[in-house]
Structure formats: C-alpha cells, structure tokens
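2 protein chains.
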Amino acid sequence: MREVAVIGIGQTKIDEHWDQSLRDLAGEAVQAAMMDAQREVADALYIGNMMSSTANHQQHLGAYIADWVGFKQIEAYRIESACSSGAAAFRTGLMAVASGEIDCAVVVGVEKMTDSPGSEITAALATAADGDWEVDQGVSFVALNALIMKRYMHEYGWKHQDFAQFSINAHANARNNPFARFHDPLTLESYEKGGMIADPINVFDASPIGDGAAAVVLVSAESIQAAARPKITVAGSGSATDTIAAHDRRDPIWLNAAVRSVKNAYTQAGIGPAEIDLFEYHDAFTIMAALSLEACGFYERGQGPRAALDNEIGLNGRIPVATMGGLKARGHPVGATGMYQIAEVVQQLRGEAGANQVVDAKYGMAQNIGGSGSNIVTHILRRV
Amino acid sequence: MREVAVIGIGQTKIDEHWDQSLRDLAGEAVQAAMMDAQREVADALYIGNMMSSTANHQQHLGAYIADWVGFKQIEAYRIESACSSGAAAFRTGLMAVASGEIDCAVVVGVEKMTDSPGSEITAALATAADGDWEVDQGVSFVALNALIMKRYMHEYGWKHQDFAQFSINAHANARNNPFARFHDPLTLESYEKGGMIADPINVFDASPIGDGAAAVVLVSAESIQAAARPKITVAGSGSATDTIAAHDRRDPIWLNAAVRSVKNAYTQAGIGPAEIDLFEYHDAFTIMAALSLEACGFYERGQGPRAALDNEIGLNGRIPVATMGGLKARGHPVGATGMYQIAEVVQQLRGEAGANQVVDAKYGMAQNIGGSGSNIVTHILRRV
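Quick mapping for you: the protein sequence lines, in order, are chains S and D.
With this note's numbering applied, the first sequence has no gaps in its numbers, which climb one by one up to 384 at the end.
With this note's numbering applied, the second sequence has no gaps in its numbers, which climb one by one up to 384 at the end.
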C-alpha cells in the first residue's frame, strides 16, 4: 500500500447543539480540517455516521454534506458500522488514497443525537445488535454491556469500584480539552453513588451521547513537501468482525475482533504494545476499557482492571488512555467517535495536546468498537 | 491502481419475499457469488444498502451479514449513498483490493422494502433528497423526478409517449431474466393508459421497488490463474456528486455528476461511448434513461428520447440498454440495484446472458444514480 499521511484535523465541541444541524456540525469540522491542512479542494469525502436516517430523517449524507461544504462534483458517501462508523470511514479514506484512485480524501465522523427523544435514540442504538436474537428479546444496548460486565466481574472476581479509575482518569483529562462535553472532575465517591442504568453499569460507567463532528484530511505521504510541522502517517490498520450477537461467542468476555484487528495493525506497523505511547480506546463503558486493554496486549486476560487500580493509565503512566477525555468524558456521538479518536492521536503526535501532552509521543493507537464487540477497527499513527 | 477482476456473481430474484429476511437475501446472493467464484473465504464484505434502519429496524449490516454467511473475523461494513449505494459499495471494494490491503472482497447490494407500509418507504426514499429544502416542502421523490421530466418535455418539445420505448424495451428484456420482478411484456397502449403517479410520470415510467440482493467477488487481476472462463476486469471507475437539491443546479435537466463520473471512467478505460457494447443505465424513471444517454455521450443534449423513438436501444441496436430488464422491469430494490447492474454486465461480458446476449460484448458500462442526479457512480467492465 502507498503510505498515507494525515495533514489536517478539525473538531467541534461535543454538546447538545440546539442551534446547529447535522450539516452545520459536519461542515464546521470539515472546514477546520481543511484550514488546518491549508487545502481548499479535495477529491473525496467519506462520512462516518450511524443514525441520521432515524435521528435526523436524512440519508444520502455524501451529496448532502459535500454540497454544503462546497466540494464540487467529488466522490462522497456514507459508511455505517454502528459505533465504529467513524473508524470504518477513516479506513475507507485510507484505502482510497493508498490505491492511488484518490489524491486527497476528507473523512468526517458526524452524529446529531439530541434532537430526538431519548427513547428513540435508545431504539436506534439497539439496531447495532441483532434484531432477531437480541433486540426482540427486549435487551437494550446498555443492558448487553451490563451482562458482559456482570459475567466478567463474576469470572475474575472484580468489584464494581475496581473500574472507577477508568472514568476518573477520563474526566480528569477532559478538563483540558475544549471540545469535550464534560469538564467536571469525577471523584471515587461520586462514581460509587452514580445512578444505576443496568446493573452493574451505573451512569459513571457509561459514556454520554452528544452532537459533534471530527474530520481529517488524508493524502499520500510522498506528496507532502517538507513542512514545519511533524509528519503524521498511518503506520498500521486493521478491521475485524465477530458474531453480532454477544451470546453466540464462545467467550463473550473476550474481544476476539479486537485481537484480530490490532494484530493486523501491529504487524503493518512492525511494532507491539510496548511501543504504543498512547491509546485512544473505546471506553463506551468501563467494561470495554478493561477488555480493550487485554485484547490489545497491555494486560493479561481478566487483568484489565489492574490498569485502573494501579493507575497506569494516566498521562505519565505505562499506557496513557483517553488522553483527551475518551468516550466517557469527551463524549460519544456514536458515528463521530472514531474520528475524534484519530484527531486526538494526531494532536498528541504533533505535540499539540497542551496540558495533556504525552511527552515525546511517537506511536498513537485508536480503536473504535461497533456493537458489543462485533466490529472493531484499529489504527496506529506515527510521527515520522 | 492494481487491476481488479470480478470472479464471481450471484443474484436473488427481485420480488416480494415474504418468507425471507434481509439477511436471508444477502446471504443467498453472497453464497451464490462465492460458489460462482469457487471460493470459500473472503477478506472483506462491503454492503450497499439504503434503508435497513427504517425498513428493517436493523443497522450494523457489516457484522450482521458477515456473521450470517459464516465469514469469520473479516472486515465488514455498510456503504450508503441513497439509490447509488450498490455502486458505491462496489467502488469501495474496488479501491480496497486495488490498494493491496484486501486480497478478496465480496460486495453485496441488498434491500428489503416490502415489509413496511408504502407510506414509510415513500418517506424513506425521500431522505435521499434535501430534508430542509425539498422534503419539508412536501415533495416526494417521484414528484422531484416529475418536475424534472416536465421541464425537460417543455424545453425540448417531447411528448409523453416519446418515452414509451424505454419501458417497452425493458419489459421485453426482463422476460428472459429469471431474476427479474416482471415477466410480462408492455405495449404502447398499456403505457399510454398507465395510472398517473406524479404528472407526467405514470406507473409505466417508474421502476418498481422490491426485495433483492446481488453480489460479486473481487480479486486482483494478476492473482487469477488461467481459467476456462473469460476474465472480466474493471477497466474504469468514476464517482461524482452534484447539489443535493435539484433546484440548486444551474440546469436541472442535465446530469452534471454523470458527465464527471463517466468522464473519469472513460479516461481510465481509454475508450469513449463508441466502444461501449451495452449500458446498464439507471432507468428509475424514463426521464433518467434519457438524461443518462445524453450525459454519457450517446446522444446530444435534449435528444435522449431519440434512442427510444428510433429503437436504437434493443439488444442489436446502436446502444443496448437494460439488457436484463433494467430498473423498470428487473426491479429496483434501491441499495441493491447498483450491484444487479454490475452482475448483469458480467453476465453479458462472459457470454452468459442467454437469449438476451449482446453478441461479442467486450465493454459493458453500469451507471447507478443516487437522489435526483446528485450522486452518480459509473463502472466500465471489460472482457480481457
């Protein structure tokens, strides 16, 4: 594959944006990324989005957004892979540029969730699971994760509070991220008193939805002139599925698709977990934080919560995670999340992460999970 | 770009499939394509689908279908581009294989439309247009095309019956296609008596919805061993957008995006319209048949209906179109249509089109239109 570089990033704040439509948000992120890249035209626009058809009664986001941002007659379409739509769109852009068919691709993840009643959003999120064998039985998406967490705690003997530091760390990092939804710190006491959603997942184990968009600009690495700024390339990429229904897995508390996905990314990058300087993981729920750390080789099976307990996940820790707030505190506008993760890794590798900078970060990894672990996309970026 | 070949095709009949779900249909087409290709495993599955979120209350079709067909841990996601979702998915598969990242990709277009009330499908189809500036004014998708057709007839002086042969030809060709929804011939008398949908579009100007799936298997051309069967490669590919709202175009009766899209495809293939042996165009409405023939260089601006009037579109005509029935008579399961078109071109180039065979076809073109001309994807396939 032709090597691909990220030359621009743009993000909107994640919030309840009552005064901005889906295309306003996408447009803001795309234009910020184009400004950052110092480009005015692109050849293709790939859009990661999960639920515009139900939440916004609008599909065909390719033409819809390309038209809005003034990209004339370019290729444009939407990629949907539930909560991993953002990273799937990034992979589409990556392969398009790598193939030589597209010279300059813009990838944007966008989701506008707060216009609809919560019950509709819960129903839309459930379409990420198996309609016949999970959703029709009445299980919500949080409940599926709760079943996984409960089994995991039972199997390995962890208590609920052992997961607290995942969320506390995320909230601490979000304080310095102007794009994050939450800027309040979280204490252990608050975490333990959090309102229950689906036992054992309480409100502080779960990431908040929100409205937002994040975008990047991709070109071939060889096309970049010597620049003042560090050059950021895609060193590795992997994408894998598992059974869509959690109960169909031989071991529902092990992320098979993450193992396969990250293995491909490590192999392409020629590195292993020891070389990763920061990891933007998919902490939609604290249980997913633990499982991701295990599947990616940072902890032994069943030992993920050690990362939280021993506080090895801080900015100076063994493996910094959620460095800009993660899904938990930056927010989780589902189809946009994968692109926020990529943009944050680029911030870190460029040395533009401000107070949250991971010192001398060279390799950053982003992992985006769709469904209850059924579709996992991993990217490793590198400062050249 | 690495040259890419189509080594397998599979289709289901287009119909009201009350006894088959979306995944049944997709699975049937994928398995038929894999059998045809004599392969058992693939590395990626790209799915073209427009409306599963509303019509089937299921998203995340990547994991959903990969799991169903037994593809373990492969990359899989959905591409949505309204009615051009099928061809957009094909382009994604093409670039994935061309990049070298994926060795064997399966692309399937699938749509299951008849489970929902017609009013819901009409609402879902309308999400292909601009929600704020078209749909909120009360215009349906057929009405948008009717406005375009009316203006076109006014501008160039054509009568409604001048478009009849587009539909008559499609119905004639569908008779020999076992996968087509309709097998009844259409007469000029019936065409003229067709019930009005949105003046001047009557029921015989419009393609029928339906349930169906069509799939192909893609590999790099160089990886194919010498085979008994003709080798079919992708000679050219192009994809372009226009404004999403028809009224925003300087000339709403001219398909700008088709011009750009087909120009890229012709350039890559190193040929022009004179070398195209058959054209699977997007005859969702007879007006789109006329506009496509003009935009692709077969007729002068405003002269598209000449093709129908002079009957130059038959199997032995100057430019055979809708050779297996087209959208009009094969049927138009929206997100699947682009993949039916590709599969039919492959049938023709292989010499497997039976009674509808275009003699010695070497170059076949498929063009898939999303929205009212706002997203157009063109592929030229070649028998090597």
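Cβ atoms here follow ideal geometry from the backbone N, Cα and C, with glycine treated the same way.
It should be emphasised that the depicted structure is a prediction, and the values quoted were computed from it without experimental measurement.
For residue i and residue j, I'd like the C-alpha separation in whole angstroms.
i, j, result
"D:Asp115", "D:Ser21", "9 angstroms"
"S:Met50", "S:Thr187", "32 angstroms"
"D:Gly62", "S:Arg382", "28 angstroms"
"S:Thr127", "S:Cys104", "33 angstroms"
"D:Arg175", "D:Ile148", "30 angstroms"
"D:Gly338", "D:Gly370", "10 angstroms"
"D:Tyr363", "D:Gly270", "11 angstroms"
"D:Asp184", "S:Val107", "46 angstroms"
"D:Thr243", "D:Gly297", "22 angstroms"
"S:Ala343", "D:Leu327", "42 angstroms"
"D:Val142", "D:Ile197", "8 angstroms"
"S:Asn169", "S:Gly373", "23 angstroms"
"D:Gln11", "D:Ala37", "13 angstroms"
With H, G and I counted as helix, E and B as strand and the rest as coil, what does DSSP make of residue i?
i, result
"D:Leu218", "strand"
"D:Asp115", "coil"
"D:Ser374", "coil"
"S:Arg469", "Any property of residue 469 of chain S remains undetermined from this structure, which presents chain S solely from 1 to 384."
"D:Lys323", "In the sequence as presented, Lys is not what sits at residue 323 of chain D; that position holds Thr. D:Thr323: coil per DSSP, three-state reduction."
"D:Gly238", "strand"
"D:Met50", "coil"
"S:Asp251", "coil"
"D:Gln367", "strand"
"D:Gly338", "helix"
"D:Thr233", "strand"
"S:Asp15", "strand"
"S:Gly27", "helix"
"S:Ser190", "helix"
"D:Val384", "coil"
"D:His379", "strand"
"D:Met1", "coil"
"D:Ala44", "strand"
"S:Gly8", "strand"
Could you tell me whether the Cβ atoms of residue i and residue j are closer together than 9 angstroms?
i, j, result
"S:Thr267", "S:Gly236", "yes"
"S:Asn65", "S:Gly93", "Residue identity differs from the one stated: residue 65 of chain S is Ile in this sequence, not Asn. Against a cut-off of 9 angstroms, the Cβ pair of S:Gly93 and S:Ile65 comes out as no contact."
"D:Val259", "D:Glu3", "no"
"S:Glu75", "D:Ile79", "no"
"S:Gln348", "S:Ala87", "no"
"S:Ala146", "S:Pro208", "no"
"S:Ala246", "S:Ala289", "no"
"D:Ile14", "D:Tyr281", "no"
Against residue i, what residues of chain D qualify as contacts under a CB-to-CB distance less than 7 angstroms, listed in chain order?
i, result
"S:Thr92", "Thr92"
"S:His57", "Thr127 and Gly131"
"S:Met50", "Gln59"
"S:Ala88", "Tyr77"
Looking at chain S, is there any beta carbon in it that lies within less than 9 angstroms of the beta carbon of residue i?
i, result
"D:Val370", "The sequence as given places Gly at residue 370 of chain D; Val does not occur at that position. Judged by the 9 angstroms Cβ criterion, D:Gly370 is in contact with chain S."
"D:Thr241", "yes"
"D:Met95", "yes"
"D:Asn145", "no"
"D:Val135", "yes"
"D:Ser119", "no"
At 8 angstroms on the CB atoms, spell out the chain S contacts of residue i, in chain order.
i, result
"D:Gly236", "Within chain S, no residue comes near D:Gly236; the closest Cβ sits about 11 angstroms away, beyond 8 angstroms."
"D:Asn375", "His60, Gly62, Ala63, Ala76 and Tyr77"
Determine the chain S residues that contact residue i at a beta-carbon separation under 7 angstroms, and present them in chain order.
i, result
"D:Met1", "Ser99, Gly100 and Glu101"
Using a C-beta to C-beta distance shorter than 8 angstroms, which residues of chain D count as neighbours of residue i?
i, result
"S:Thr54", "Ser53 and Thr54"
"S:Gln73", "Ala240, Thr241, Asp242, Asn256, Ala257 and Arg260"
Is residue i close to chain D, meaning its C-beta is less than 9 angstroms from at least one C-beta of that chain?
i, result
"S:Ser81", "yes"
"S:Gly62", "yes"
"S:Gly131", "yes"
"S:Thr127", "yes"
"S:Gln38", "no"
"S:Tyr77", "yes"
"S:Ser190", "no"
"S:Ser220", "no"
"S:Ala295", "no"
"S:Ser140", "no"
"S:Ala44", "yes"
"S:Ala124", "yes"
Please confirm whether any heavy atom of the ligand HEM lies closer than 8 angstroms to the CB of residue i.
i, result
"D:Val142", "Ligands displayed in this structure: none; no statement on the ligand HEM is therefore possible."
Under 9 angstroms between beta-carbons, which chain D residues line up against residue i? List them in chain order, please.
i, result
"S:Glu352", "Chain D residues near S:Glu352: none, gap ~29 angstroms exceeds 9 angstroms."
What residues from chain S crowd round residue i, counting only those whose CB sits closer than 9 angstroms?
i, result
"D:Ala290", "Chain S residues near D:Ala290: none, gap ~21 angstroms exceeds 9 angstroms."
"D:Asp67", "Asp130, Thr241, Asp242, Thr243, Ile244, Ala245, Asp248 and Ser374"
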